[in-house]
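Participant: Going line by line, the protein sequences match chains A and B. So the first sequence is numbered by our numbering: it starts at 147 and just counts up by one. So the second sequence is numbered by our numbering: it starts at 8 and just counts up by one. Glycine included, each C-beta is placed from N, C-alpha and C at the ideal position.
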Amino acid sequence: MTDRTPGFATLAVHAGAQPDPTTGARATPIYQTTSFVFNDADHAASLFGLQAFGNIYTRITNPTTSVLEERVAALEGGTAALATASGHAAQLVVMQQLLMPGDEFIAARKLYGGSINQFTHAFKSFGWNVVWADPDDIGSFQRAVTPKTKAIFIESIANPAGSITDIEAIAEVARNAGVPLIVDNTLATPYLIRPIDHGADIVVHSLTKFLGGHGNSLGGIIVDAGTFDWSKDGKYPMLSEPRPEYHGLKLQETFGNFSFAIACRVLGLRDLGPALSPFNAFLLMTGIETLPLRMQKHCENAKAIAEFLSTHKAVSAVNYSGLASSKYNALARKYAPKGAGAVFTFSLKGGYQAGVDLVSNLKLFSHLANVGDTRSLVIHPASTTHSQLDDAQKTAAGAAPDMVRVSIGIEDKEDLIADLDEALGG
Amino acid sequence: MLNRMNHDAYPDSYIRAILNGVKTIAVVGASPLNVRPSYFVFKYLAERGYDMIPINPGQVGNSLLGKPFVASLRDIDRPVDMVDIFRASAHVMPIVEEALALTPQPKVIWMQIGVRNDDAAARAEAAGLQVVMNRCPKIEYGRLSSEISWMGVNSRTLSSKRAPAPVKGMRLSLDRASVAGGDTAASDRATRPRSGTS
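(1) Going straight from the alpha carbon of residue 378 (chain A) to that of residue 203 (chain A), what length do you get?
(2) Counting pairs of beta carbons, one from the stretch 470-479 of chain A and one from the stretch 330-338 of chain A, are three or more of them closer than 8 Å?
(3) Tell me which residues of the stretch 390-401 of chain A have at least one Cβ-Cβ distance to chain B shorter than 9 Å, keeping chain order.
(4) Using DSSP with H/G/I as helix, E/B as strand and the rest coil, what is residue 137 (chain B)?
(5) In its own chain, which residues sit with a C-beta less than 7 Å from the C-beta of residue 276 (chain A), not counting the 5 before and 5 after it?
(6) Any beta carbon from chain A within less than 8 Å of residue 47 (chain B)'s own beta carbon?
(7) Based on the DSSP secondary-structure assignment, which residues constitute the bridge partners of residue 159 (chain B)?
(8) Would you say residue 158 (chain B) and residue 207 (chain A) are within 8 Å of each other, going by their C-beta atoms?
(9) Could you check whether the Cβ of residue 435 (chain A) sits closer than 8 Å to any Cβ belonging to chain B?
(10) Using the C-alpha atoms, what's the distance from residue 151 (chain B) back to residue 199 (chain A)?
(11) Output, in chain order, the set of chain A residues within a Cβ distance shorter than 9 Å of residue 124 (chain B).
(12) Using a Cβ cut-off of 9 Å, pull out every chain A residue sitting near residue 57 (chain B), in sequence order please.
(13) At a CB-CB cut-off below 9 Å, which residues of chain A make contact with residue 170 (chain B)?
(14) Flag residue 17 (chain B) as yes if its beta-carbon sits less than 8 Å from any beta-carbon of chain A, otherwise no.
(15) According to the neighbour-count rule (16 or more other Cβ atoms, all chains shown, within 10 Å of its Cβ), is residue 194 (chain A) buried or exposed?
(16) In chain order, what residues of the same chain have a beta carbon less than 6 Å from the beta carbon of residue 507 (chain A), not counting five sequence neighbours either side?
(17) Taking 8 Å as the CB-CB limit, is residue 28 (chain B) close to chain A?
(18) Can you list, in chain order, the residues of its chain whose CB lies under 7 Å from that of residue 342 (chain A), leaving out five sequence neighbours each side?
(19) I need the boundaries of the alpha helix (DSSP H) containing residue 372 (chain A), first residue and last residue.
(20) Assuming residue 530 (chain A) and residue 556 (chain A) are in contact, meaning their beta carbons sit under 8 Å apart, how far apart are those beta carbons, in whole angstroms?
(21) For a test of the three-state rule: what should DSSP assign to residue 330 (chain A), helix, strand or coil?
(22) DSSP on residue 206 (chain A), reduced to helix/strand/coil?
(23) Which value, in whole angstroms, describes the spacing of the CA atoms of residue 289 (chain A) and residue 282 (chain A)?
(24) Would residue 108 (chain B) be called buried (16 or more neighbouring beta carbons within 10 Å of its own) or exposed?
(25) Flag this pair as yes or no: are the beta carbons of residue 364 (chain A) and residue 354 (chain A) separated by less than 8 Å?
(26) With DSSP collapsed to three states, give me the class of residue 277 (chain A).
(27) So for residue 173 (chain A), helix, strand or coil by DSSP?
(28) Can you tell me the Cβ-Cβ gap for residue 103 (chain B) and residue 120 (chain B), rounded? I've got them flagged as a contact below 8 Å.
(29) With 8 Å set as the bound, which would you pick, yes or no: does the beta-carbon of residue 234 (chain A) sit closer than that to a beta-carbon of chain B?
(30) Does any residue of chain B have a CB that is nearer than 8 Å to the CB of residue 212 (chain A)?
(31) Of the choices A:434, A:401, A:538, A:446, whose alpha-carbon is the least far from that of residue 145 (chain B)?
(32) Please give the ranges of any beta strand (DSSP E) in the stretch 393-466 of chain A, keeping only runs that are unbroken, at least 3 residues long and fully inside the region.
(33) For residue 319 (chain A) and residue 168 (chain B), I'd like the C-alpha separation in whole angstroms.
(34) Taking 8 Å as the cut-off, does the stretch 406-420 of chain A touch the stretch 431-450 of chain A (at least 3 CB pairs, one atom from each stretch)?
(35) To which residues of the same chain is residue 143 (chain B) closer than 7 Å at the C-beta, ignoring the five residues directly before and after it?
(36) Please identify the residue among A:323, A:356, A:369, A:326 whose C-alpha is closest to the C-alpha of residue 229 (chain A).
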């Protein structure tokens, strides 16, 4: 057959999936099974020794989940992927391969609040120490590098205000430090930004958000770019050294440019256990089939609503990188020319009480703690997720008393604008 | 195929034609240890129906999966289609010279992941052989058949055709549509200094 390059939408529908070998089913079946029979003792030994491709147990591989994994790897331009039960599980599995107790990683200060908690508290109990840097000051990443640094972690489109990170500049810091760059691409999805094209070595996602897109299933994924040499200086023994649990197998030597994904699977998922359910994998991959169409609509609606809000008399400021007035607009044009995503914040002249009132008055927007749904979502962090902080702490955390965060859905934008206009008092 | 290949990025069509065309494969540096990559490759290709010959002078008298070890390419008792080399790059040239001295000559010289010797490749190509460097035939066979997709690996192929579930001894169809022109450059990046970020 001719070697040609299918487009993104073709990959979103086809990558990883072919008719079922047994039944011919065209949609990927849900293999809702814990385990898979061996052909014979030799087959079992080959599978346990990683010598053959195949399935043993759904905590390690599953034929439904592997379709989802290959599809996301194809969309991100990576060599392989590993799905997990949630985005948090993906981050845990990645760091387990890279860090030993006492090691450090540098993370952008602007992150999803759940990631800040995970890095600050849970990872600390493993002896993995986060060092914070400011994505608006590339030099702060350079200054944070020490001999103990094992990775750099950023978001492509960053929480909470949808700011755009200069991936290439931070990739340069990572390369000079000899550590991999990990990019959380959840809010952008590979439709808007492909971090591997800009120097990322590992991409992680919460599939729960725009990739799955329908607010019905948790999931996470790790994509291996195949770009990092894990054996160069002995800093990553999980990949470069003989593994006792596999009788001395060396992962990078054996699996080459997808060895990081294999390490995450056979040392991370196998031993820590946060496997994705095959049913969730099915729902998530069904969502991904319409990713390009949905992201176009999400971005079109978000831009229209950001423009509407920026002229509204009750609104004091709109933070959306897709607006020419945003200080991130130049980065948005470079990294996300198809759209700056659909999550952003705005501030109300009426302060804290205006935020409480807006959320309570909205009829289409749902008040909840998630983003990346078909439905439009709203949250007033100061009165909910950040309510335990004082005003100064709220502002420092990007959750000022007058700030509201929205995730714009794929409804008709006229209806969303009317809902906001009425809830803001016309 | 007298023109020199671009050895940084092979078209899938090139790899597919080699894997579909060869039958007998001699593995230079085959190890009896079941955690070594050469053992993985030997066993997998044997299970996919290739006639495999293990070459390791230190193992003569022993067998690998029922196939007797031989000391060198010269000692093989039948024509060889492909020589798969598990040796450091600096030691490849004498192996290629030995392969070229065989009658009939092999059709393909294959060097494993991390093994690349452009002078030896040029010598083989000048003699009319096809050359693959810094690749693994097990990974490429698994990729082009999409069997490797079970492990979440990006096969960079698509197909709307139903294929039978693989069982031992079955040759798999490699005739799937390739993504990105079969450009396999990504697998080189890990073994070479990176240049540029995009």
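Facilitator: From the atom records:
(1) Taking the straight line from one Cα to the other gives about 33 Å.
(2) Output reads no: the stretch 330-338 of chain A does not touch the stretch 470-479 of chain A.
(3) Taking 9 Å as the Cβ-Cβ cut-off against chain B, the residues of the stretch 390-401 of chain A that qualify are 392, 393, 394, 395, 396, 398, 399, 400, 401.
(4) Residue 137 (chain B): strand per DSSP, three-state reduction.
(5) The answer, listed in chain order, is 251, 253, 265, 266, 269.
(6) Residue contact with chain A for residue 47 (chain B): present (Cβ-Cβ distance below 8 Å to some residue of chain A).
(7) DSSP lists no partner for residue 159 (chain B).
(8) Here residue 158 (chain B) is near residue 207 (chain A), since their CB atoms are less than 8 Å apart.
(9) No - not a single Cβ of chain B is within 8 Å of the one on residue 435 (chain A).
(10) Near 13 Å, if we compare the C-alpha coordinates of residue 151 (chain B) and residue 199 (chain A).
(11) In chain order: nothing, as chain A lies at least about 18 Å away.
(12) The contacting residues do not exist; residue 57 (chain B) stays about 15 Å from chain A at best.
(13) Simply 164, 165, 167.
(14) So, not an interface residue.
(15) Residue 194 (chain A) should be labelled exposed.
(16) Cβ neighbours of residue 507 (chain A) beyond the five flanking positions: 569.
(17) Taking CB atoms only, residue 28 (chain B) has no neighbour in chain A less than 8 Å away.
(18) Same-chain partners within the cutoff: 222, 223, 224, 349, 371.
(19) Premise fails: residue 372 (chain A) is in no alpha helix (DSSP H) and is neither H nor E.
(20) Not confirmed; about 24 Å, so no contact.
(21) Three-state result, residue 330 (chain A): strand.
(22) Secondary structure of residue 206 (chain A) (DSSP, three-state): coil.
(23) When rounded, the distance between both Cα atoms is 14 Å.
(24) Only exposed fits residue 108 (chain B), as fewer than 16 other CB atoms lie within 10 angstroms of its CB.
(25) Yes, Cβ-Cβ distance for residue 364 (chain A) and residue 354 (chain A) is below 8 Å.
(26) Reduced to three states, the DSSP call for residue 277 (chain A) is strand.
(27) Secondary structure at residue 173 (chain A): coil, using DSSP grouped into helix, strand and coil.
(28) In this structure, residue 103 (chain B) and residue 120 (chain B) do not form a Cβ contact; the two beta carbons are roughly 18 Å apart against a cut-off of 8 Å.
(29) With 8 Å as the cut-off, residue 234 (chain A) does not count as an interface residue toward chain B.
(30) Answer yes: the Cβ-Cβ gap between residue 212 (chain A) and chain B drops below 8 Å somewhere.
(31) With distances taken between CA atoms, residue 145 (chain B) lies nearest to A:401 out of A:434, A:401, A:538, A:446.
(32) Taken in chain order, the complete beta strand (DSSP E) segments of 3 or more residues contained in the stretch 393-466 of chain A are 461-465.
(33) Cα-Cα distance, rounded: 45 Å.
(34) Judged by pairs of C-beta atoms under 8 Å, the stretch 431-450 of chain A does not touch the stretch 406-420 of chain A, as fewer than three such pairs exist.
(35) Cβ within range, chain order: 48, 119, 120.
(36) Of all alpha-carbon atoms in A:323, A:356, A:369, A:326, the one lying nearest the alpha-carbon of residue 229 (chain A) is that of A:369.
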